[in-house]
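Colleague:
Residue numbers (UniProt numbering): 1 to 65.
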């Protein structure tokens with residue numbers, strides 16, 4: 001867990017991320033490395049939930065322009 005906190009910084013702070021994620025009013029776009037984020041249990045659960053609902057877009061499908 002130390003490695004995760006050391007490398008994710010504030011992204012590993014569940015309180016700060018809860019505040020950030022729950023403030024979205026009209027939509028939410030999270031850009032990041034899901035393989036790295038999945039090393040933290042909160043992010044793993046969140047990403048898996050998004051994937052089950054088909055809300056994760058791979059970079060290869062992102063519009064180029």
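Beta carbons: idealized from backbone N, C-alpha and C, even for Gly.
Under the three-state reduction of DSSP, which class applies to residue 13: helix, strand or coil?
Modeller: Coil, per DSSP.
Colleague: Determine whether the beta carbon atoms of residue 36 and residue 47 lie at a separation below 8 Å.
Modeller: Taking 8 Å as the Cβ cut-off, residue 36 and residue 47 do not qualify as a contacting pair.
Colleague: I need the DSSP call for residue 19, collapsed to helix, strand or coil.
Modeller: Three-state DSSP puts residue 19 in a helix.
Colleague: Cβ-heavy atom distance between residue 63 and the ligand FMN below 7 Å?
Modeller: Inclusion of the ligand FMN in the displayed structure is not the case, the ligand content being empty and no account of it being possible.
Colleague: May I ask which residues mark the beginning and end of the alpha helix (DSSP H) holding residue 31?
Modeller: It is not in any alpha helix (DSSP H) - residue 31 carries neither H nor E in the DSSP assignment.
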